[in-house]
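Heads up: the protein sequence lines correspond to chains S and G, in order. Its first residue numbered 12, the first sequence is counted upward by one per residue in the numbering used here. Its first residue numbered 2, the second sequence is counted upward by one per residue in the numbering used here. Cβ atoms here follow ideal geometry from the backbone N, Cα and C, with glycine treated the same way. Take a look at the structure set out below.
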Amino acid sequence: MKDNFRQSMKWLHTWVGLAVGWVLFFMFLTGTLGYFYQEITRWMEPERPLVAHHYSNEKLIDIAQNYYDKHGAGDIEWDIILPTVRDNNLRVGWREPRKEGEKRSRYKVKVIDIDTASKVQTRETQGGRLLYRMHYRLHYLSTSLSYWIVGFCTMLMLLALITGVVIHKKIFSDFFTFRAKKGLPGWLDIHNVLSVIALPFHFMITYSGLLFFLFTYMVLSTDLQTNEEQYKEMRKEIYPRAAHIKSIGEAQDMLPISTLYQQVKNTNTWKADELSYVSVSAQNDINAQVAFVRHETDITYNPQDTVVVNGITGEIITQAALEYTTAGMIHNGLFSLHEGQFAGTIARWLYFFTGLIGTAMIASGLVLWTTKRKPQQLKKPKGPDFGYRLVEQLNIGTLIGLPIAIAMYFYANRLLPLTMADRANWEAHVMFISWALLLVYPAFRPKTKAWSEQLNLATVVFIFMPILNALTTNKHLGITLSHGDWQYAGFDLTMLVIGLTFAFAGVKFKKAQRNKRSQRVNSKGRPLNINTAVESELVLNKENRGAL
Amino acid sequence: MLLLICLGFSTMVLFCMAMEKHRQQVINSEVPQYLSNSFRPMAWLLLVITFYMSGDLYGWSIGPAVFFGALTAALLALILLLTYKAEVVPLLAIILPLAAISNFYL
């Protein structure tokens, strides 16, 4: 019975994984890039100045306030976003008055050049945010359809994780086992190791991912149990918002925001000085309020991270602190864990690497599927089945093709003419066109050739990225590094490392192919040489049947 | 953070040495029975210390999350080393935490 159970779980794991593997790979890869979406946007807007300032927060606030007074949209809500380790530019943002035909007014962020105190004209791009949005919102599809597709795949991912744990017989005794063997045992070990070492992350990211669209996926339950009033009430409890401050219309000059900031700093509620952004409501009105928000110090959203003051008198307004219910706190905690907003530099890199481990886990699982079936498929008189060939083709086109397509997105950002109409959308079109081409390409090539050609292509496009940047902007690695602009230089360096990784993979792959070929040549004269190779792989397969 | 990764690394090395097949991978000579028996309890102890350190450094809200992240990083490094360069593992398990701790306190 027990083995039967495990057998059926194995079947489920295999087919669930295969069915949504490619979508999951896409979600994991773009989501992982999302941990650095601000840094990616910064690279995609090379017009922004290099960081070079030793200004105090007060001075930066003054610069931002001056800018807003001159160019802003009047007495509405607006924000000052201070330089952080993630994005070292000073930014000012507000909602533009709603245009006709728009459902909601658009929130626009302007980058301010600190030295000249004027706006930086950046190229039209959707930056890293687009990549990060893709991992739950997809692209080209309607929002609700995307959410449902993503939710369905995530649900199956959760299923694959649980069944994966069930079928991994020796999770503890094989905890450290990784045999760098060729073929099936090697891939199996890679898949196991990648799954086990980051298992808490995999569970957390999948489960919390489902919670993001809780009310979409659980629509029946919410519909049956609540009426509209109750539903609104429940949402309010889960997502409490500070009351919107409206201006009464009685003008009164506010204290300068930098003065307010100094007063806040002197109170004992403000411990570490990690001001992240400032939000101003009802500016220059008797109702004016200014909120100072610091970098997150708690995954459940510490209410003390925000200090709200009266803009006229500078008095601290305490009742604005948001009250979370226990359920709300758990919800916040899972959201924070998923997004990693609290993470500092090293923790963010950890998130990035763990995300890549998840991506690689999915990739290795997909490769495992074909590796396991290869011997039988090669034995068939008419060649491999259509299904097998399709999986292999999708593997090549996605596992190698998607990274190349993302690189093409960055290329488009540098190479499309700046004045092009609809430029930002075309960057995305270029990405998807490249992916489509790379998906189709392996159909016309022998599979091993296609693998190695796409690996080579990936190597070239990623290694060339810093050079492209040097050719198309005035901020090449020499300048950014000597300037200490690590966000900008970090992007170029990371691309270089990714390129080298692909190069390494390409060399390894070629070596393995050459070994196989030389084996075949050596055994020439023996008529059944291919079959013996197949046979030996079959034996290996049988040996490992217990583990698979 | 680096401190946590280094401590996590040593913890995992101890867990790994507690297993016969991995001990042979790492050390050629025989290890006395009492010593090999003590690896697992020591590993648990170090694990608890690492967990406490992460909570202490990052607060009990962010700390546990960081703890798991650090363990993942340490494990990846350890498993790759075990496969490709097993002989340096014991040395690193001693040097890394010492370096991290001294770096932390100096």
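Around the Cβ of residue 442/S, a 10 Å sphere holds 16 or more other Cβ atoms; the residue is buried. Distance from the CA of residue 309/S to the CA of residue 428/S, rounded to the nearest whole angstrom, comes to 44 Å. For residue 11/G, the closest alpha carbon among the candidates 23/G, 92/G and 106/G is that of 92/G. Within chain G, the residues 73 have their CB atoms less than 7 Å from the CB of residue 209/S, given in chain order.
Excluding residues up to 5 positions away in sequence, 258, 293, 294, 295 and 296 lie with their Cβ nearer than 7 Å to the Cβ of residue 86/S in the same chain. Leaving aside the five residues that flank residue 223/S on each side, the residues in its chain whose CB is nearer than 8 Å to its CB run, in chain order, 147, 346 and 349.
Taking a contact as a CB-CB distance under 8 Å, the pair residue 378/S and residue 406/S counts as one, their CB atoms being some 6 Å apart.
Annotation for residue 124/S: no alpha helix (DSSP H) segment contains it, though the beta strand (DSSP E) segment containing it runs 118-124. Taking a C-beta cut-off of 9 Å against chain S, the contacting residues of the segment 8-20 of chain G are 13, 16, 17 and 20, listed in chain order. Interface residue (Cβ-Cβ distance to chain S less than 8 Å): residue 62/G is classified as such. The bridge partners DSSP lists for residue 129/S are 124/S.
Taking 8 Å as the upper bound for CB-CB distance, residue 39/S and residue 370/S are in contact here, some 4 Å apart. The Cβ of residue 67/G sits closer than 8 Å to at least one Cβ of chain S. With respect to chain S, the C-beta atom of residue 80/G has a partner C-beta closer than 8 Å. Just measuring C-alpha positions, the residue of 174/S, 248/S and 386/S sitting nearest residue 341/S is 248/S. By the neighbour-count criterion, in which a residue is buried when 16 or more other Cβ atoms sit within 10 angstroms of its Cβ, residue 107/S is exposed. An exposed status is given to residue 77/S, since fewer than 16 other beta-carbon atoms sit within 10 Å of its beta-carbon. Within the DSSP secondary-structure output, residue 301/S pairs in a beta bridge with 291/S and 320/S. Counting C-beta pairs closer than 8 Å gives three or more between the segment 40-54 of chain G and the segment 4-22 of chain G, which meets the contact rule. Residues of chain G with a Cβ closer than 8 Å to the Cβ of residue 286/S do not exist, since the nearest Cβ in that chain sits about 19 Å away. Remark: C-beta atoms of residue 301/S and residue 268/S approach each other more closely than 8 Å. The alpha-carbon of residue 120/S is positioned some 13 Å away from that of residue 53/S. Of the residues assessed, residue 234/S falls on the exposed side of the cut-off, its CB having fewer than 16 other CB atoms within 10 angstroms. The C-alpha of residue 55/S is placed about 6 Å away from the C-alpha of residue 138/S. Chain-ordered, the chain G residues with CB closer than 7 Å to the CB of residue 358/S read 2, 67 and 70.
For the pair residue 509/S and residue 490/S, the Cα-to-Cα distance works out to about 21 Å.
Secondary-structure assignment with DSSP links residue 83/G through no beta bridge to anything. For residue 106/S, the enclosing beta strand (DSSP E) has its first and last residue at 101-106. Annotated three-state conformation of residue 107/G is coil, per DSSP. Counting along the chain, residue 357/S sits inside the alpha helix (DSSP H) bounded by residues 356-390. Cβ contact annotation for residue 228/S (same chain, cutoff 6 Å, sequence separation greater than five): 162, in chain order. With a threshold of 16 other beta carbon atoms within 10 Å, residue 206/S meets it and is buried. As computed with DSSP, residue 90/S is found in a beta bridge with 104/S and 290/S. Any Cβ of chain S closer than 8 Å to the Cβ of residue 84/G would place that residue at the interface, and such an atom is present. In this structure, the alpha-carbon of residue 48/S lies about 10 Å from that of residue 41/S. Residues of the segment 191-209 of chain S whose Cβ lies closer than 7 Å to any Cβ of chain G, in chain order: 191, 204, 208 and 209.
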